[in-house]
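**Student:** Below is a structure I'd like to ask you about.
There are 2 protein chains.
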Amino acid sequence: MKARVTVTLKNGVLDPQGKAIEGALGSLGFAGVASVRQGKVFDIEVAETDAGKAKAELEAMAAKLLANTVIENYRVEIVG
Amino acid sequence: MKARVTVTLKNGVLDPQGKAIEGALGSLGFAGVASVRQGKVFDIEVAETDAGKAKAELEAMAAKLLANTVIENYRVEIVG
Chain A
8 MKARVTVTLK NGVLDPQGKA IEGALGSLGF AGVASVRQGK VFDIEVAETD AGKAKAELEA
68 MAAKLLANTV IENYRVEIVG
Chain B
8 MKARVTVTLK NGVLDPQGKA IEGALGSLGF AGVASVRQGK VFDIEVAETD AGKAKAELEA
68 MAAKLLANTV IENYRVEIVG
């Protein structure tokens, strides 16, 4: 089973990387960039064939390793 | 206008970070992880209000800065 786990910063958490990208886009001539927030995406393939069980397992992976749940949110999507 | 740019490695490109995460998940007791590929996601807000123009602008940002087009693919989604 294939899934995508998307990890993004929680609202209100400062994103220095995003700010740096905003600045770089501006200096490359892209006007009108209001904000940039950077996150991570993990494309994971698991042996589990039951979607419910796979989702629960991936949620546990995200909570334990892929995301820092103090400052990050995660979302698990089963893609196939 | 809000958009999400997802940047992932092209097929065939080695992903050492993904391999490290695979190993870590295994040592945390998650059996049955076949593969992990890590990518980046950018949530960008632009002043442009026309979806077509915004998408073209974001494609240019991705090609110029957000993705290394030699080894990475990018996908632009207008989300609102």
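These protein sequences, in sequence, are chains A and B.
Taking the working numbering, the leading residue of the first sequence gets 8, the next gets one more, and so forth.
Taking the working numbering, the leading residue of the second sequence gets 8, the next gets one more, and so forth.
Ideal Cβ positions, reconstructed from N, Cα and C, are used throughout, including at glycine.
In this text the structure is predicted, and so the values were computed from the model without any measurement.
#1: Within 10 angstroms of its Cβ, does B/Glu84 collect 16 or more other Cβ (buried), or is it exposed?
#2: Can you tell me whether B/Leu35 is buried or exposed, with buried defined as 16 or more other CB within 10 angstroms of its CB?
#3: Residues of chain A with CB under 7 Å from B/Val43, in chain order?
#4: Using a Cβ-Cβ cut-off of 8 Å (strictly less than) and excluding sequence neighbours within five positions of A/Ala70, which residues of its own chain qualify?
#5: Going by the beta-carbon positions, is the gap between B/Glu64 and B/Glu52 smaller than 8 Å?
#6: When we look at the beta-carbon of B/Ala46 and count the other beta-carbons within 10 Å, is it buried (16 or more) or exposed?
#7: For A/Lys62, which residues from the same chain have a beta carbon less than 8 Å from its beta carbon, with the 5 sequence-adjacent residues on both sides left out?
#8: Scan the segment 64-86 of chain A for residues whose Cβ lies nearer than 7 Å to a Cβ of chain E and list them as they occur along the chain.
#9: What are the boundary residues of the beta strand (DSSP E) that A/Ile28 is part of?
#10: Along chain A, which residues have their Cβ under 8 Å away from the Cβ of B/Thr13?
**Tutor:** So, to answer that:
#1: That one is exposed.
#2: B/Leu35 is exposed by the Cβ-count criterion.
#3: Among the residues of chain A, those whose CB is under 7 Å from the CB of B/Val43 are Phe49, Ile51, following chain order.
#4: Excluding residues within five positions, the ones whose Cβ falls inside 8 Å are Thr76, Tyr81.
#5: Not a contact, by the Cβ cut-off of 8 Å.
#6: The sequence shown places Gly at residue 46 of chain B, rather than the Ala named in the question. B/Gly46 comes out buried.
#7: Closer than 8 Å at the Cβ level, and outside the excluded window around A/Lys62, lie Ala10, Val83, Ile85.
#8: Of the protein chains in the structure, A and B, none is chain E.
#9: Counting along the chain, no beta strand (DSSP E) covers A/Ile28; the unbroken alpha helix (DSSP H) around it starts and ends at 23-34.
#10: Residues of chain A with a Cβ closer than 8 Å to the Cβ of B/Thr13 are, in chain order, Val48.
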